[in-house]
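Beneath this line is the structure, given in structure tokens, with notes to follow.
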Amino acid sequence: MNLKSHLDGLSAGSGYFWRGFPLLNLSGIRRYVAIPLIINTSLFALLIYFGAERFDELLDQSIPDWLDWLRWLLWPLFAILSLFVTFFLFSLVGNLIAAPFNSLLAEALHARLAEPTSSQDAGSRDAEWLAFFGDIAKSIVPSLLSELRKLRYLLARAIPLGLLFLIPGVNIIAPFLWLAFSAWMLAIEYADYPMGNHGLSFPEQRKYLGERRTLGFGFGGMVLLATMLPGLNFLVIPTAVAGATLLWVEQYPDARRSDA
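Quick note: the sequence shown, position 125, residue 125 per UniProt numbering, numbers continuous.
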């Protein structure tokens, strides 16, 4: 492959992330986005609330009256620390919480992309919601097992890669290798949902992504960049699932093992 082909692959891959964003607003899709987002946001809000209460108690116990002015310095530091922790942990925790929803989101999006004119029967709305929560319950264990499998793959490569930071000379290029590895892992993370829904094993998923490596790097790199943007990082997970599903439909039309 020449340089132009590689650049085209990177450009196309990065574009799939942004093309996934408007798909989240399709009817019948929003629930897969809203529910895990509400759960994740509520969890962090509760943690910050109880953390603030405990921090206030700690200040009452530790700061004498004559140093009460220190509160005006320490509370802003607590707020900054809370934002920092939320910023970096939201996607990590969100992936675990949203894992059962992500598989169903990819499945629902694939159905909409395959049959864009399909409509829903308004009269079956109650049954539809019951089926929705039933599907969530059934997908919890398989989704968590899938996340653990990806975590094992990540650790087996991240630990040796992390050791490169300790080797003089080599540590100069270690940050760039880490960024490339992070982009690749994010491509694997989100491509797993549509590919896994169609019966592809984890090694098969990596094989197909490896055949279009620059496409995967472009997609994963854009996901990585989006996680660093305040505000947008709250919607990165469903947008990445939608983008990966669209990438799967358009770039791997002959790779499906089943149409589950």
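No residue lacks a Cβ here, since even glycine has one placed at the ideal position from N, Cα and C. Remember, it's a predicted structure, so these values are computed and weren't measured experimentally.
Beta-carbon spacing of residue i, residue j below 8 angstroms
| i | j | result |
| --- | --- | --- |
| I29 | L109 | yes |
| F17 | F219 | yes |
| L246 | G9 | no |
| L163 | L177 | no |
| T214 | G13 | yes |
| R157 | L26 | no |
| L144 | A99 | yes |
| G51 | S82 | yes |
Nearest-angstrom Cβ-Cβ length linking residue i and residue j, presumed shorter than 8 angstroms
| i | j | result |
| --- | --- | --- |
| A226 | P194 | With a Cβ gap of about 19 angstroms, A226 and P194 do not count as contacting. |
| L186 | L224 | 6 angstroms |
| F202 | R149 | 6 angstroms |
| G40 | I97 | Reading off the sequence shown, one finds Asn at residue 40, where the question assumed Gly. That pair is a contact at about 5 angstroms. |
| S146 | G196 | 6 angstroms |
| G221 | A174 | Wrong, their Cβ atoms sit about 17 angstroms apart, outside the cutoff. |
| A180 | W248 | Not confirmed; about 22 angstroms, so no contact. |
Closest Cα partner of residue i within the set the options
| i | options | result |
| --- | --- | --- |
| I38 | V93, L3, D68 | V93 |
| S103 | N233, G199, M228, L232 | G199 |
| I188 | E211, P168, V170, N171 | E211 |
Three CB pairs or more closer than 8 angstroms across the stretch 55–74 and the stretch 202–216:
Segments in contact, no.
Are there three or more Cβ pairs, one per stretch, closer than 8 angstroms when the stretch 25–38 is compared with the stretch 231–247?
Touching, per the Cβ criterion.
Decide yes or no for the touch test of the stretch 241–254 against the stretch 39–59: beta carbon pairs closer than 8 angstroms, at least 3 of them.
Per the Cβ contact rule, the stretch 241–254 is not in contact with the stretch 39–59 (fewer than 3 Cβ pairs under 8 angstroms).
What are the complete alpha helix (DSSP H) segments, minimum 4 residues, inside the stretch 225–258?
DSSP assignment within the stretch 225–258 yields the following whole alpha helix (DSSP H) runs of 4 residues or more, N-terminal first: 236–251.
Whole alpha helix (DSSP H) elements within the stretch 154–233, 4-residue minimum
Runs found: 174–197, 202–211, 213–227.
Identify every run of the alpha helix (DSSP H) within the stretch 25–70, keeping only runs that are complete inside it and at least 4 residues long; order them along the chain.
Runs of the alpha helix (DSSP H) lying entirely within the stretch 25–70, each at least 4 residues long, are 30–62 in chain order.
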